[in-house]
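Quick notes on the structure that follows.
Chains as they are written, first to last, in the numbering used here: chain A, 1 to 299; chain B, 1001 to 1191.
This is the structure we're talking about:
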């Protein structure tokens, strides 16, 4: 009844496995320990610790970096659910710092200002798992190829507008369906066109699904937004500015959690959507210059 | 054939479903308490225990699960599920359902970077050792007289326990290709 072999930590199975445990759940952006507790009380499966929510990052402008380790450590202390934090694209030292702090997942995120305009972090080299954003299947598979153990749509963070998250989720899921129905001899050309590793394209042809959990993120502001993404076919949702920029964060947090579990039950969705107060103010993406769109960051 | 339900509030319930499909078992998702009627066994999957318990209370599962367990429904909790069915936790939260006479410590091995996989022997599962995946896993810190410890990671660290028709594992058989734990639970449910 004792241990047979030496235990292995930081394996692909335990990295992608933690994301499996988050499925059907809501991951909430929080900027203080008190917000983290509100999120945990509402039933969030994890929190994303950061100094400013994306809508404030937009307003403040300048270079957005990894958050203050002191603040992240305080949030780790405050809750028992997993704590995630963001590193800049390509900034592997910020990732090393976050791993040393004991965060449970690192988001290599386009919401922060990229540190490398060519390369993402080599995520296989870390024990801590990573989640990365993607707008299409090629981008998702490049990130998985680098070692990402979880994928999310980019959406348009801090916009309060669901349109980009819908676009990205439909694109990824549509491309998966397409590959599923292909002949085997079409896969290499598809890998070339997607700029994706061939082995991963072949894996999708065989299994019909991504090898990792796929969440929606970017612009989710109401319970119906969360349920929409779940019905489209993602495994769970990130809510950034949508909760703590709404009029009643505790009630909104609660309602989005319930809507994510009961995404297929319109009566339940109607019930939880009553009297939530104002959702966060939103932005029209069509009138936004490309230079201000966060989703275009990442390569 | 026993009818198995998988609690589908949050977590890796589909992975349990795939294992049950692989051994050709009849199963259904359980999202509301009235779906427990007529089940012989219920699996509470891995996930976030605070989230699962909070949502179970909101939807009114607590009393119905206790009643159905008294009526003979078998229950198996994996990881978060072990926390949910425990009598007592060393942590202040969540408030467990108290189905099984075990005391449990959450995140007992540390944070995610300390999550691990290994091989262990399980008393109720003859043959090859079981490949056990521990993700922010709990351990059993104390057991009542009727509880049988069926696996430990080291002396004094129980990670799989049985009590009559109840079973709990700290690890995730549903993330492997080994269906022996699911077969064992179906046998328990059908007896």
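We put the beta carbon where it would ideally sit given N, CA and C, even for glycine.
Let's test the definition: count the other Cβ atoms within 10 Å of the Cβ of residue i and tell me whether it reaches 16, buried, or not, exposed.
{"i": "residue 70/A", "result": "exposed"}
{"i": "residue 1073/B", "result": "buried"}
{"i": "residue 296/A", "result": "exposed"}
{"i": "residue 1107/B", "result": "buried"}
{"i": "residue 110/A", "result": "buried"}
{"i": "residue 181/A", "result": "exposed"}
{"i": "residue 334/A", "result": "Not covered by the structure: residue 334/A. The range shown for chain A is 1 to 299."}
{"i": "residue 75/A", "result": "buried"}
If you run the structure through DSSP and keep just helix, strand and coil, what is residue i?
{"i": "residue 287/A", "result": "helix"}
{"i": "residue 188/A", "result": "helix"}
{"i": "residue 210/A", "result": "coil"}
{"i": "residue 1061/B", "result": "helix"}
{"i": "residue 1142/B", "result": "strand"}
{"i": "residue 1088/B", "result": "strand"}
{"i": "residue 1105/B", "result": "strand"}
{"i": "residue 1125/B", "result": "strand"}
{"i": "residue 165/A", "result": "helix"}
{"i": "residue 264/A", "result": "coil"}
{"i": "residue 151/A", "result": "strand"}
{"i": "residue 128/A", "result": "coil"}
{"i": "residue 95/A", "result": "helix"}
{"i": "residue 46/A", "result": "strand"}
{"i": "residue 79/A", "result": "coil"}
{"i": "residue 133/A", "result": "strand"}
{"i": "residue 140/A", "result": "helix"}
{"i": "residue 216/A", "result": "strand"}
{"i": "residue 70/A", "result": "helix"}
Determine, for residue i, whether the minimum Cβ-Cβ distance to residues of chain B falls below 7 angstroms.
{"i": "residue 86/A", "result": "no"}
{"i": "residue 144/A", "result": "no"}
{"i": "residue 235/A", "result": "no"}
{"i": "residue 21/A", "result": "yes"}
{"i": "residue 294/A", "result": "no"}
{"i": "residue 127/A", "result": "yes"}
{"i": "residue 223/A", "result": "no"}
{"i": "residue 243/A", "result": "no"}
{"i": "residue 33/A", "result": "no"}
{"i": "residue 7/A", "result": "yes"}
{"i": "residue 25/A", "result": "yes"}
{"i": "residue 13/A", "result": "yes"}
In this structure, what does DSSP give as the bridge partners for residue i?
{"i": "residue 88/A", "result": "109/A"}
{"i": "residue 1076/B", "result": "1043/B and 1167/B"}
{"i": "residue 1117/B", "result": "8/A and 1133/B"}
{"i": "residue 239/A", "result": "28/A"}
{"i": "residue 1158/B", "result": "1152/B"}
{"i": "residue 1028/B", "result": "1005/B"}
{"i": "residue 1100/B", "result": "1086/B"}
{"i": "residue 255/A", "result": "According to DSSP, residue 255/A bridges with nothing at all."}
Answer with yes or no whether the minimum CB distance from residue i to chain A is below 7 angstroms.
{"i": "residue 1050/B", "result": "yes"}
{"i": "residue 1009/B", "result": "yes"}
{"i": "residue 1012/B", "result": "yes"}
{"i": "residue 1133/B", "result": "yes"}
{"i": "residue 1183/B", "result": "no"}
{"i": "residue 1117/B", "result": "yes"}
{"i": "residue 1047/B", "result": "yes"}
{"i": "residue 950/B", "result": "Because chain B in this structure spans residues 1001 to 1191, residue 950/B falls outside the shown range and cannot be described."}
{"i": "residue 1111/B", "result": "yes"}
{"i": "residue 1020/B", "result": "no"}
{"i": "residue 1097/B", "result": "no"}
{"i": "residue 1054/B", "result": "yes"}
{"i": "residue 1175/B", "result": "yes"}
Just the Cα atoms here: how many angstroms apart are residue i and residue j?
{"i": "residue 3/A", "j": "residue 1171/B", "result": "Below a pLDDT of 50, predicted positions are generally treated as unreliable, and residue 3/A, at 48, falls in that range; no measurement from the model is reported."}
{"i": "residue 1120/B", "j": "residue 1130/B", "result": "5 angstroms"}
{"i": "residue 1/A", "j": "residue 188/A", "result": "Below a pLDDT of 50, predicted positions are generally treated as unreliable, and residue 1/A, at 45, falls in that range; the measurement from the model is reported next regardless. Cα to Cα, residue 1/A sits roughly 48 angstroms from residue 188/A."}
{"i": "residue 272/A", "j": "residue 1148/B", "result": "43 angstroms"}
{"i": "residue 1122/B", "j": "residue 1080/B", "result": "20 angstroms"}
{"i": "residue 72/A", "j": "residue 1025/B", "result": "45 angstroms"}
{"i": "residue 1184/B", "j": "residue 1014/B", "result": "19 angstroms"}
{"i": "residue 90/A", "j": "residue 122/A", "result": "8 angstroms"}
{"i": "residue 1090/B", "j": "residue 102/A", "result": "22 angstroms"}
{"i": "residue 284/A", "j": "residue 177/A", "result": "30 angstroms"}
{"i": "residue 171/A", "j": "residue 137/A", "result": "7 angstroms"}
{"i": "residue 212/A", "j": "residue 274/A", "result": "34 angstroms"}
{"i": "residue 84/A", "j": "residue 1191/B", "result": "44 angstroms"}
{"i": "residue 249/A", "j": "residue 206/A", "result": "43 angstroms"}
{"i": "residue 184/A", "j": "residue 1067/B", "result": "53 angstroms"}
{"i": "residue 1077/B", "j": "residue 1168/B", "result": "5 angstroms"}
{"i": "residue 1133/B", "j": "residue 1109/B", "result": "12 angstroms"}
{"i": "residue 235/A", "j": "residue 166/A", "result": "14 angstroms"}
{"i": "residue 1166/B", "j": "residue 292/A", "result": "55 angstroms"}
{"i": "residue 246/A", "j": "residue 278/A", "result": "6 angstroms"}
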